[in-house]
Amino acid sequence: MPTLATTVDGLRFPNPFLIASGPPGTNSQVITRAFREGWGGVVAKTVSLDASKIVNVSPRYAKLHAADGKEVVGWENIELISDRPIKIWIEEFKKCKDAHPDGVLIASIMEEFRRDAWVEIVECCQDAGVDGFELNFSCPHGLPERKMGSAMGQDPEVLSEVCGWVAAAARKPVWAKMTPNITHIEDPSRAALKAGCHGISAINTIRSVMGVNLETLRPEPTVEGHSTPGGYSSVAIRPIALRMCAEIATMIRSEFPGRTLSGIGGIERGSHAAEFILLGADTVQVCTGVMKFGYGMVREMKDELLRFMEKHGFDTLADFKGRSLGYLTTHAALVDMQREKKADRADDGIWSGDRFVEQSQALAG
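FYI, the numbering used here numbers position 50 of the sequence shown as 1433, with every residue one higher than the one before it.
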């Protein structure tokens, strides 16, 4: 019988499905609910030392619907990190661990480029009993004027220094959460691992403008008649997340064997999780999906992933982790493969440029 239980960086997860940092982990009440519903772990909403600087606006969400007008395929938010005081968070971290001592609780933290601030928040969170840390280097729209979030994550040198500070202070596993708003996601990921992080989380949301209301002519979400680029999520970003996770996993495999990856981006089904694990993820995280379907969605996700494992004869997640990475290669390599195949067979059905045009015209009628 397959098992979903897995140990990652010394943390024992009953299954690989984690609540991603965001609204579904915004306080102790919803975090404990997630544990009751059967999630493998929770990454709490990002905290900082001075919540008075965090001011959210409303409305702060916008949705992209499929052609049927019902299914949400894209979701944009302009929500910042938690605006609740760190004192309250410390109390709630303790409360969560008291209620669910076996539940894996990971603190997502973000600070300015000051060593003492990062060390302080690490020390107070781990004293409260959290099981690990996720460093938020990836929020795409919040506090860039303070060089926080993706503004920090896009600079490997700065990121490396911060990761070194945290690694020296933390007694718990540390993951660095990567921004997709960068050309080569391997660069900051490599910097984080070199500086001592145990793993990488990827990806956060993609910087976007959801759309323009053609009645009001205002971009959405509209706040006092104006808007700002926000973070795009939901199933529409999954192909991008898969590509970036594969790039990170390939780099980890060749340069940092044993380090880990938590995959994020448009995961709403057990089959989606299987894709991320096949491309090298150890765990997967869900945020927007929970906002769409509720915490109970994890039950069907677990069942579907188990059915996939039974179908292929996999007993553990390790049996198929990274199994599909070897099938990703360069376009030049694909060309060489087809040339070799064509040389072996006079007519192998490969569409040359001319034949592709002919076939396309025939299919078009």
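We put the beta carbon where it would ideally sit given N, CA and C, even for glycine. It should be emphasised that the depicted structure is a prediction, and the values quoted were computed from it without experimental measurement.
CB of A1619 within 8 angstroms of CB of G1486, strictly: Start at 1 with the first residue of the sequence shown, and residue 1619 comes out as number 236. Start at 1 with the first residue of the sequence shown, and residue 1486 comes out as number 103. With contacts defined as CB atoms closer than 8 angstroms, A1619 and G1486 fail to qualify as a contacting pair.
Considering Q1668, what are the terminal residues of the beta strand (DSSP E) in which it resides? Taking the sequence shown and counting its residues from 1, one reaches residue 1668 at position 285. Judged by DSSP secondary structure, Q1668 falls within the beta strand (DSSP E) whose first and last residues are T1666 to V1669.
Apply the 10 Å Cβ neighbour rule to Y1615 and answer buried if 16 or more other Cβ atoms are within range, or exposed otherwise. Sequence index remark: in the sequence shown, residue 1615 carries index 232 (1-based). With 16 or more Cβ atoms within 10 Å of its Cβ, Y1615 is classed as buried.
Alpha carbon to alpha carbon, what distance is there between R1728 and I1589? To locate residue 1589, count along the sequence shown from 1; it is residue 206. To locate residue 1728, count along the sequence shown from 1; it is residue 345. The alpha-carbon atoms of I1589 and R1728 are separated by roughly 45 angstroms.
If you reduce the DSSP assignment to three classes, tell me which class A1559 lands in. As a working mapping, residue 1559 is identified with position 176 in the sequence shown. A1559: strand per DSSP, three-state reduction.
The alpha helix (DSSP H) spanning A1624 covers which residue range? Position 241 of the sequence shown, counted from the start, is the residue given in the question as residue 1624. Start and end: R1621 to E1638.
Counterpart residues of I1489 in DSSP-defined beta bridges: For the purposes of this step, residue 1489 is identified with residue 106 of the sequence shown, where counting begins at 1. In DSSP, I1489 forms a bridge with V1426 and G1515.
Assuming the contact rule is C-beta atoms closer than 8 angstroms, G1579 and A1550 should be a hit. Round their C-beta distance to whole Å, please. For the purposes of this step, residue 1579 is identified with residue 196 of the sequence shown, where counting begins at 1. For the purposes of this step, residue 1550 is identified with residue 167 of the sequence shown, where counting begins at 1. Their Cβ separation, rounded to whole angstroms, is 3 angstroms, which keeps G1579 and A1550 in contact under 8 angstroms.
Does the count of Cβ pairs from the segment 1501 to 1521 and the segment 1406 to 1422 closer than 8 angstroms reach three? Look at the beta carbons and you see the segment 1501 to 1521 not touching the segment 1406 to 1422: under three pairs across the two are nearer than 8 angstroms.
Among S1591, N1410 and L1447, the one whose alpha carbon lies nearest that of E1475: Counting from one through the sequence shown, the residue named residue 1475 turns up at place 92. Of S1591, N1410 and L1447, the smallest CA-CA separation from E1475 is found for N1410.
In its own chain, which residues sit with a C-beta less than 7 angstroms from the C-beta of H1581, not counting the 5 before and 5 after it? Position 198 of the sequence shown holds residue 1581. Around H1581: D1392, P1556, V1557, W1558, R1642 and T1643.
Residues bridged to Y1444 (per DSSP): Counting from one through the sequence shown, the residue named residue 1444 turns up at place 61. Y1444 is bridged to N1460.
Got a sec? Which residues, its chain only, sit under 7 angstroms from A1657 by beta carbon, not counting five neighbours each side? Taking the first residue of the sequence shown as 1, we reach residue 1657 at position 274. Result list for A1657: L1688 and F1691, in chain order.
Nearest-angstrom Cβ-Cβ length linking C1522 and I1565, presumed shorter than 8 angstroms: Working through the sequence shown from its first residue, we reach residue 1522 at position 139. Working through the sequence shown from its first residue, we reach residue 1565 at position 182. The Cβ separation is near 14 angstroms, so there is no contact.
Cα separation between K1630 and A1624? As a position in the sequence shown, residue 1630 is number 247, starting the count at 1. As a position in the sequence shown, residue 1624 is number 241, starting the count at 1. Lys is not the amino acid found at residue 1630; the sequence shown has Glu there. Going from the Cα of E1630 to the Cα of A1624 covers about 10 angstroms.
Any idea what DSSP makes of R1728, helix, strand or coil? For the purposes of this step, residue 1728 is taken as the residue at position 345 of the sequence shown. Note: R1728 maps to coil in three-state DSSP.
So, are the CB atoms of P1602 and V1595 less than 8 angstroms apart? Walking along the sequence shown from the start, residue 1602 turns up at place 219. Walking along the sequence shown from the start, residue 1595 turns up at place 212. Yes, Cβ-Cβ distance for P1602 and V1595 is below 8 angstroms.
Would G1536 be called buried (16 or more neighbouring beta carbons within 10 Å of its own) or exposed? Translated into positions along the sequence shown, residue 1536 becomes position 153. It counts as buried.
Tell me, please, whether the segment 1647 to 1665 touches the segment 1478 to 1497 by the rule of three or more beta-carbon pairs shorter than 8 angstroms. Under the three-pair Cβ rule at 8 angstroms, the segment 1647 to 1665 does not count as touching the segment 1478 to 1497.
Could you spell out the range, first to last residue, of the beta strand (DSSP E) harbouring F1396? Translated into positions along the sequence shown, residue 1396 becomes position 13. From DSSP, the beta strand (DSSP E) with F1396 extends over L1394 to F1396.
In the DSSP assignment, what residue or residues form a beta bridge with A1585? If you number the sequence shown from 1, residue 1585 lands on position 202. G1646.
Distance, S1617 Cα to T1671 Cα: Locating residue 1671 in the sequence shown gives position 288, counting from the first residue. Locating residue 1617 in the sequence shown gives position 234, counting from the first residue. Those two C-alpha atoms are separated by around 6 angstroms.
Check whether the Cβ atoms of K1477 and G1512 sit closer than 8 angstroms, and answer yes or no. By 1-based counting over the sequence shown, the position of residue 1477 is 94. By 1-based counting over the sequence shown, the position of residue 1512 is 129. For the 8 angstroms CB-CB criterion, K1477 and G1512 form a contact.
Helix, strand or coil: how does DSSP classify H1595 here? Indexing the sequence shown from 1 puts residue 1595 at position 212. As written in the sequence, residue 1595 is Val, which differs from the His given in the question. When DSSP states are grouped into helix, strand and coil, V1595 belongs to the strand group.
For a test of the three-state rule: what should DSSP assign to P1484, helix, strand or coil? Your numbering for residue 1484 matches position 101 in the sequence shown. Coil at P1484, not helix or strand.
S1441, buried or exposed, once every other Cβ within 10 Å from all chains shown has been counted against 16: The residue given as residue 1441 occupies position 58 in the sequence shown. Under this definition S1441 is an exposed residue.
Can you tell me whether DSSP reads I1437 as helix, strand or coil? Residue mapping note: residue 1437 aligns to position 54 of the sequence shown, counting from 1. Taken through DSSP and simplified to helix, strand or coil, I1437 comes out as coil.
Can you check which of these residues, A1553, R1554 and C1628, is closest to H1567 by C-alpha distance? Counted from its first residue, the sequence shown places residue 1567 at position 184. Comparing Cα positions, the closest option is C1628.
Hey, quick one: how far does the alpha helix (DSSP H) through T1415 stretch, first residue to last? The residue given as residue 1415 occupies position 32 in the sequence shown. T1415: member of the alpha helix (DSSP H) spanning S1411 to E1420, first to last residue.
Please list the terminal residues of the continuous alpha helix (DSSP H) segment that includes F1400. Residue mapping note: residue 1400 aligns to position 17 of the sequence shown, counting from 1. Counting along the chain, F1400 falls outside any alpha helix (DSSP H), though it belongs to the beta strand (DSSP E) covering F1400 to I1402.
Euclidean distance between Cα positions of E1607 and P1484: Within the sequence shown, residue 1607 is the residue found at index 224, counting from 1. Within the sequence shown, residue 1484 is the residue found at index 101, counting from 1. Between the C-alpha atoms of E1607 and P1484 there is a straight-line separation of about 45 angstroms.
Assign P1612 to one of three DSSP states: helix, strand, or coil. Residue 1612 sits at position 229 when you count from the first residue of the sequence shown. Reduced to three states, the DSSP call for P1612 is coil.
Pairwise C-alpha distance: A1434 and P1468: Taking the sequence shown and counting its residues from 1, one reaches residue 1468 at position 85. Taking the sequence shown and counting its residues from 1, one reaches residue 1434 at position 51. If you take the alpha carbons of P1468 and A1434, they lie about 5 angstroms apart.
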